[in-house]
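Working notes, beginning with the structure itself.
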Amino acid sequence: MNLKQTMLTLCVLIAAVGHAQKMDRDAIMRKLITDDYALAKNQYLYMMKQVPKDSLPQTFDKATNKLISKEINWWCTGFYPGSLLYIFEQTQDEVIKAEALRALKVIEPNQTYTGNHDLGFMMYCSFGNAYRLFKDEQYKQIIFRSAESLATRYRPNMKSIQSWNKNQYFNCPVIIDNMMNLEMMNWVSQHGGDPKYQAIAVTHTNTTIKNHYRSDYSSYHVVDYDQETGKVLKKVTHQGAANTSAWSRGQAWGLYGFIVMYRDTKNIEYLNFAKNIAKFILHHPNLPADKVPYWDFDAGFQPLAKRDASAAAITASALMELGQFATGKEKNEFIDAGVTMIESLSSENYLSKPGENGGFLIKHCVGALPMNSEIDVPLIYADYYLLEALKRYKDWYLNK
């Protein structure tokens, strides 16, 4: 056998090994996805019996054994119906569907809410999924009105959407989480709505690149502006370990948001920016082997610091989509890392046992540690993004 034949044989063997490994992973992931959605259905059938009629579940208090719910204009209220809709899509359980439709009616008044920037979380994760599944024109109009409400918070002098209202700490704050609300703006413009909504999203994204990110592609949490002049007053990390640190969930929000902006605009700058954020996260020396980050990448007391499973769930879902737009080694890196996160979150270290954790799926999340709020608890958005990550792997990669 000459050298050329030897190399050809070697390439065939390598391809065969790679194919076998892919088949093995597909088999593992198929079972994992089936099992996780079955657990999710049973957990949410249990949870819904405890949900008040006029509020939505947020977390679970182990000390009192009680479900904690929030008023309808709390930023997380879209994740409960959104999670139910993901579960219904995979299981076709009619009780789950009925509860999702009930929860949608509860939060429907949010379509005219202008008190903060979280309309995307509240109304697109919920009604966006509902319209995708059922094509009900009423849902589409609710999404349109929600985008109109969100647009009232756009500040032309700042070239950004204001996040929180003026308070004792900030004049006109914009937080990195706001990148997650731009998907709804894009969608409305692309489905017959006013083009101004996507124009706002693009302008906000460009301002975020300019002011929120450091040279290493880590993000501040909050940039505070002078609303009249657009001048940056200060940059802080309100929910992180320090102003100079990389708060884990903030990095996840930014990654996800820039991937969405690339998908919706095809601006290659946004894709390259998302890749660099992903590499910051995945190559960070403090990212644990299971790829479930500490609540802040620079948190003290590692390795005893609290993990934030919600950051892993958001990142995993984002990486599934980033894999759709990457090629070669980058594609493999992003998908492999996302799969590791999904597998870790689906292990006994993070996944609830049936009937425990108040009906939530995921354990060990952190809301705002510096405020002593929601530490080492389940959080509704962790469930939502894990369910989304599972769906994305199934739809985009299983047996492909």
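With our numbering applied, the sequence shown corresponds to residues 193 to 592, in that order. For glycine and all other residues, C-beta sits at the position ideal for the given N, C-alpha and C. Quick caveat, the model's predicted, so the values are computed rather than measured.
| query | What residue from Asn524, Met371, Thr532, Phe493 has the CA that sits closest to Ala504's CA? | reply | Thr532
| At least 3 beta-carbon pairs within less than 8 Å: the region 573 to 584 vs the region 549 to 563 | yes
| query | Looking only at C-alpha atoms, which of Ile401, Ala438, Ser407 sits nearest to Gly449? | reply | Ile401
| field | Between the CA atoms of Ala295 and Leu276 - distance to the nearest angstrom | value | 9 Å
| Is it right to say Tyr236 is buried, meaning 16 or more other beta carbons lie within 10 angstroms of its own, or is it exposed? | buried
| said: Check for me: the beta strand (DSSP E) holding Thr251 runs from which residue to which? | reply: 248 to 253
| message | Less than 9 Å between the beta carbons of Ser509 and Arg455, yes or no? | response | no
| Contacting residues, own chain, Cβ-Cβ under 6 Å from Val243 (five flanking each side not counted) | Pro249
| query | CA-CA distance, Ser502 and Leu578? | reply | 8 Å
| said: Cutting at 6 Å between CB atoms, please list the residues of its own chain near Val380, excluding the five before and the five after it. | reply: Phe336, Ala339, Tyr389
| task | Using three-state DSSP, classify Ser538 as helix, strand or coil. | result | coil
| query | Can a CB atom of chain B be found closer than 9 Å to the CB of Gly559? | reply | The structure shown contains no chain B; it holds only a single protein chain.
| task | Starting from Tyr417, follow the beta strand (DSSP E) in both directions and report where the run begins and ends. | result | 414 to 417
| task | For Ser261, I'd like the list of residues in its chain whose CB is within less than 7 Å of its CB, leaving aside the five on either flank, ordered along the chain. | result | Val243, Pro244, Ser247, Leu248, Pro249, Gln250
| message | For Asp228 and Trp267, what's the separation of their Cα atoms in angstroms? | response | 26 Å
| request: Provide the residue(s) that pair with Arg347 in DSSP beta bridges, ordered along the chain. | output: Ser352
| Got a sec, what are the start and stop residues for the alpha helix (DSSP H) Ser275 sits in? | 271 to 283
| Limits of the unbroken alpha helix (DSSP H) element including Gly515 | 501 to 517
| request: Helix, strand or coil for Lys388, going by three-state DSSP, please let me know. | output: helix
| field | Minimum C-alpha distance to Ala529 - residue among Asp328, His476, Val428 | value | His476
| task | Quick one: grab the DSSP three-state call for Trp439. | result | strand
| query | Hey, quick one: how far does the alpha helix (DSSP H) through Asp575 stretch, first residue to last? | reply | 572 to 588
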